[in-house]
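These notes are about the structure you will find just below.
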Amino acid sequence: MKASADRQPALRGRWMAAASRLLFSPESFALLVEPAIADLQLESSGRLAERMDAYRTVWIGMAAACDDGVARRARAFVREHDLVTLTALVLLHAAHSTWMVVLLLGLDGRGRHLGKVIAATWGGGPTPGFLAAASVLALYAGRAIVTRLLSKGVPSPGTSIVRVVE
Amino acid sequence: MSATEALLLDLMGDGERFGLELVSTSGGRVKRGSVYVTLARMEAKGFVESRQEERAPGAIGLPRRLYKTTAYGATVRQAYQSLQQAISLRPAEAR
Numbered sequence: 003m004k005a006s007a008d009r010q011p012a013l014r015g016r017w018m019a020a021a022s023r024l025l026f027s028p029e030s031f032a033l034l035v036e037p038a039i040a041d042l043q044l045e046s047s048g049r050l051a052e053r054m055d056a057y058r059t060v061w062i063g064m065a066a067a068c069d070d071g072v073a074r075r076a077r078a079f080v081r082e083h084d085l086v087t088l089t090a091l092v093l094l095h096a097a098h099s100t101w102m103v104v105l106l107l108g109l110d111g112r113g114r115h116l117g118k119v120i121a122a123t124w125g126g127g128p129t130p131g132f133l134a135a136a137s138v139l140a141l142y143a144g145r146a147i148v149t150r151l152l153s154k155g156v157p158s159p160g161t162s163i164v165r166v167v168e
Numbered sequence: 012m013s014a015t016e017a018l019l020l021d022l023m024g025d026g027e028r029f030g031l032e033l034v035s036t037s038g039g040r041v042k043r044g045s046v047y048v049t050l051a052r053m054e055a056k057g058f059v060e061s062r063q064e065e066r067a068p069g070a071i072g073l074p075r076r077l078y079k080t081t082a083y084g085a086t087v088r089q090a091y092q093s094l095q096q097a098i099s100l101r102p103a104e105a106r
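Chains A and B are the protein sequences, given in the same order. If you count by my numbering, then the first sequence holds residues 3 to 168, one letter each, in order. If you count by my numbering, then the second sequence holds residues 12 to 106, one letter each, in order.
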């Protein structure tokens, strides 16, 4: 672990520094990544093991900065959005996905496809393709309505899809 | 405060130190891979403060970071030391 004041002419870790600047917050970059890259650039011992160790420190710093960024974004997201609303939207998407799977793969493993059931019930009724397209449109319309209702600043910051429906 | 954090505060003393300096003076007790993560955590807790090194004109490459114990960090370190001593005493000695 020999660090010299003389910088190497070809600076190592330049692309990692550039990528980290774009990816991480200035604070995470300054505290976790930048000092590790500075050490890497100062590493003047020709030993491969030392250089690998310096690179490992940079990668650990980048992983920690990534973790820090994700945690910060998650905290901000939870602070700014109502968890009930998020849960309701997740459930809406889960219900939609289930509906799509049933529509496309059939009701069971014995070839009882929903399309055939629909065709048998209402001969000449809507095709599964039409139903799938309609359900996607309905989902996006539902989301747009919820978003519009919430953006109008309905009552409190704690507004949720459940309360809007109520 | 973890044992590594306490060790880093001890190694820092009153002066300003670079991360690598702390690693080399720790005699292998502080790993190079984890030193900056630990120092960042300590800075978030307010135990240390840091600044970028002053650069000579025309210097290339990224600047290193200098770390220094804060007054709060020194107080917490002292309290941690007292606690460690108290815990290490046997019941008869503690009376």
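Glycine included, each C-beta is placed from N, C-alpha and C at the ideal position. Everything numeric in this text was worked out from a predicted model, so none of it was measured.
In the three-state reduction of the DSSP assignment, LEU18 of chain B falls in the helix class, which pools H, G and I. Of all residues in the region 35 to 56 of chain B, those with a C-beta nearer than 8 Å to a C-beta of chain A are SER35, ARG43, GLY44, SER45, VAL46, TYR47, VAL48, LEU50, ALA51 and GLU54, reading in chain order. Per DSSP, reduced to three states, the secondary structure at VAL48 of chain B is helical. Contact between VAL72 of chain A and ALA38 of chain A does not hold, since the beta-carbon distance rounds to 19 Å and is not under 8 Å. Excluding sequence positions up to five before and after GLU60 of chain B, its CB lies within less than 6 Å of the CB of LYS79 and THR81, all in the same chain and listed in chain order.
For chain A, the residues of the region 22 to 33 of chain B that bring a beta carbon within less than 9 Å of one of its beta carbons are PHE29, GLY30, LEU31 and GLU32, in chain order. For the region 75 to 98 of chain A, no residue has a beta-carbon sitting nearer than 9 Å to a beta-carbon of chain B. Excluding its 5 nearest sequence neighbours in each direction, VAL35 of chain A has C-beta neighbours in its own chain below 8 Å: MET18, ALA19, SER22, PHE26, VAL60, GLY63, MET64 and ALA67, listed in chain order. Membership of ARG81 of chain A in any beta strand (DSSP E) is not indicated; the residue belongs instead to the alpha helix (DSSP H) covering 50 to 82. Listed along chain A is no residue with a C-beta nearer than 9 Å to that of ILE98 of chain B; the closest approach is about 31 Å. With fewer than 16 other Cβ atoms inside 10 Å of its own Cβ, SER99 of chain A counts as exposed. When secondary structure is reduced to three states using DSSP, ARG14 of chain A falls in the coil class, being assigned neither helix nor strand. Taking all protein chains in view, the Cβ of GLY84 of chain B is crowded by 16 or more other Cβ atoms within 10 Å, so the residue is classified as buried. Around the beta carbon of THR36 of chain B, a 10 Å sphere encloses fewer than 16 other beta carbons of the protein chains shown; the residue is thus reported as exposed. Residue contact with chain A for LEU73 of chain B: present (Cβ-Cβ distance below 7 Å to some residue of chain A). Interface residue (Cβ-Cβ distance to chain A less than 7 Å): ARG62 of chain B is not classified as such. At least one beta carbon of chain B lies nearer than 7 Å to the beta carbon of GLY63 of chain A.
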